[in-house]
Amino acid sequence: MDQNVSQPLVTVRNCRQSYHKEASADLVVLDDVDLTLHEGEIVALLGRSGSGKSTLLRIVSGLLKPTSGDVRWRGEPLRGPAPGVAMVFQSFALFPWLTVQENVELGLEALGVKKDEREERSEEAIDLIGLGGYDTAYPKELSGGMRQRVGLARALVVHPDLLLMDEPFSALDVLTAETLRTDLIDLWMEKKLPLKSILIVTHNIEEAVLMADRILVFSSNPGRVAHELKVPFAHPRNRFDPAFRQMVDDIYGIMTRRAPKPAPAATARTGFATPLHPVSTNLISGLIETLYGAPYHGRADLPALAAALQYEVDDLLPLGETLQLLGFAVLEEGDLILTETGKKFADAETEDRKEIFTEQLRANVPLVNAIRAVIDQRSNHRASAVRFRDELEDNMSPEYADETLRAVISWGRYAEIFEYDEEAQQFGLEEEDEEEEA
Ligand code: ADP
Ligand code: MG
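Heads up: the sequence shown begins at 0 in numbering that gives the first Met the number 0, then just goes up one per residue.
Below you can see the structure in the form of structure tokens.
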């Protein structure tokens with residue numbers, strides 16, 4: 000790896016991305032981001048959901064022009080999609096009506112490669128990625144892991160210099176994901192991949208430590224590279240090695256450190272526009288109970304808690320963030336700590352719990368109050384979800400808007416603040432409430 004001699008593959012300097020909002024200040028998603036990718040390295044971009052990872056990946060690929068900043072590909076300013084870059088997504092994005100081979104060949108058709116060569120190269124990529132013999136299968140006949148292998152083959156067939164991966168394993172079950180990770184690393188180490196570098200975006204700390212030579216830890220609101228860590232372990236890496244565990248723990252600490260006061264530009268995100276995770280109220284109660292009981296007694300180390308609950312570590316952070324948002328716990332230096340309210344909740348009976356939850360919901364999630372206020376204003380006590388979705392989408396991507404709405408619907412129902420009619424996509428009141436008011 001003569002990184003010092005060779006020119007970087009990609010440089011991003013001073014990059015800023017903001018989205019324009021109608022009513023208030025612009026939403027700043029990325030601020031002052033710097034990133035350099037060298038030949039020969041795997042870099043992981045690690046951050047919580049909503050921190051701007053996908054946005055940065057799209058900027059690196061040339062699919063999105065940042066609001067401001069300098070993006071270079073081998074020293075040349077990037078205008079439009081970068082040649083030599085291929086992308087793998089979380090959702091495999093395969094065409095169901097095409098066979099494995101036809102799906103893989105697609106990338107080459109776009110490049111104008113002749114039929115014979117297309118066949119040859121796609122067969123090569125399919126074999127390489129361990130799908131030999133499945134050329135004529137259709138996506139629906141394949142498991143999730145195999146479909147993602149097709150996604151990988153389709154990216155590799157164009158012989159890109161840089162492979163961009165956006166949470167490529169997060170839709171797979173734990174074992175399948177692990178097999179794919181190690182297969183990919185094996186191929187990389189054996190120099191069988193036609194690649195100079197890999198940039199993988201993930202919110203999974205273990206995945207980053209397992210795969211990357213370098214980890215960039217992203218902070219949120221607005222997203223910026225807050226930390227850079229070199230991973231000193233040789234491949235194949237052992238998750239149970241104490242040094243590996245220590246690094247995972249350290250990164251947990253970094254990611255759950257109390258955020259410094261956000262820059263003024265970042266305060267544009269009002270309470271109304273906070274993205275929410277659709278965590279079920281059962282899970283919320285369960286986690287509070289677990290934290291309250293032995294051996295934690297109100298305070299748990301996140302990696303230890305994840306191991307005890309048999310959670311993938313990356314699934315626990317959104318849960319912790321949700322408890323924090325609702326005022327039941329705080330995240331601090333890698334620990335999840337119950338608040339007094341959290342303890343009171345754990346001690347309470349079912350009906351009292353509901354009351355506490357309702358109080359916390361009303362105090363911390365303004366969207367719930369806004370929905371209820373609209374329902375109350377209407378003579379028919381109904382309010383279409385569309386208007387709230389639209390308002391959310393002014394402040395966040397459609398995926399996050401959808402998750403936020405799902406969270407609010409499930410929490411608001413549990414708290415009996417409103418009902419939701421899935422079919423009509425309308426908020427309303429419970430039957431009894433309506434009768435009372437009549
Ligand atoms: P990540 O990949 O880290 O989860 P994203 O890059 O998808 O984060 O999104 C970062 C933030 O930018 C989120 O708050 C998201 O809602 C917001 N965002 C993304 N795309 C848009 C858009 N087109 N309009 C408004 N906000 C957006
Ligand atoms: Mg993303």
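All C-beta atoms, glycine included, are put in the ideal place defined by N, C-alpha and C.
Since this is a predicted model, take the numbers as computed values, not measurements.
Residue i versus residue j - alpha carbon distance
i	j	result
Q359	E350	14 Å
V9	L34	8 Å
L275	P138	32 Å
I184	T178	10 Å
L161	K229	20 Å
A267	F243	Unreliable placement is indicated for A267, whose pLDDT of 40 sits below 50; the coordinate value is still reported in the next sentence. Their backbone Cα atoms lie some 38 Å apart in a straight line.
A265	L26	Only weak support exists for where A265 lies, its pLDDT of 38 falling under 50; the value from the coordinates is given anyway. Whole-angstrom Cα-Cα distance: 7 Å.
A423	L198	42 Å
A382	A406	17 Å
P76	Q323	42 Å
K260	S219	Confidence in K260 is poor, its pLDDT being 43 and thus under 50, which makes the residue's placement too unreliable to answer from.
E104	A176	24 Å
D212	R386	45 Å
T338	E320	13 Å
G106	T289	49 Å
V364	T357	10 Å
K343	F327	9 Å
L282	K191	44 Å
E421	Q376	21 Å
I355	V278	17 Å
E415	K353	9 Å
G143	L151	12 Å
D300	P95	44 Å
L335	P317	12 Å
R153	S121	8 Å
E390	Y419	18 Å
R298	D249	17 Å
L308	G285	11 Å
S396	A347	37 Å
Y202	Q245	In the sequence as presented, Tyr is not what sits at residue 202; that position holds His. Answer to the nearest angstrom: the Cα atoms are 18 Å apart.
Any non-hydrogen atom of the ligand ADP within 6 Å of residue i CB
i	result
M254	no
S218	no
M210	no
V28	yes
M86	no
V60	The question names Val, yet the displayed sequence has Ser at residue 60. False, no ligand heavy atom lies under 6 Å from that Cβ.
Y291	no
S396	yes
S50	yes
Y399	yes
Y133	no
Y18	yes
Same chain, Cβ closer than 7 Å to residue i, five either side skipped, listed in chain order
i	result
H380	I374, G427, L428, E433
A81	S60, G61, W72
F417	I370, R371, I374, G411, F426, G427, L428
V200	L44, K52, S53, L56, M164, D165, E166
L475	This structure cannot settle anything about residue 475, because the visible part of the chain is limited to 0 through 437.
S90	A170
Y399	G49, P274
N368	R361
Spatial neighbours of residue i in its chain, beta-carbon cut-off 8 Å, leaving aside the 5 residues before and after
i	result
G445	Residue coverage of the chain in this structure runs from 0 to 437, which leaves residue 445 outside it and unanswerable.
V247	I204, E205, V208, P302, V312
Y295	T289, L304
Short CB-CB distance (under 7 Å) between residue i and chain B
i	result
F217	Note that chain B does not occur in the displayed structure, where there is just one protein chain.
Sequence-distant residues of the same chain with beta carbon closer than 6 Å to residue i, five excluded per side
i	result
Q16	V28, L29, T54, P65, T66
V99	Y133, D134, A136, V149
A262	Confidence at A262 is low in this model, with a pLDDT of 40, below 50, so the placement of that residue is unreliable and no value is reported for it.
H158	P193
S5	E38
A362	none
G74	Q6
L325	Q359, N363
Identified DSSP bridge partners for residue i
i	result
G427	R381, E418
P302	Answer by DSSP bridge pairing: none, since P302 is not bridged.
H226	V216
L29	Q16, G222
L337	A328
L36	V9
R71	T10, P76
A43	I199, I214
P141	For clarity, residue 141 is Leu in the given sequence; the question names Pro instead. Per DSSP, none; premise fails for L141.
D165	V200
M86	L163
Next item on the list: Let me have the residue list for the ligand MG: C-beta closer than 7 Å to any non-hydrogen atom, ordered along the chain.
Entry: The set of residues with any CB-heavy atom separation to the ligand MG below 7 Å comprises, in chain order, S48, K52, S53, D165, E166, V200.
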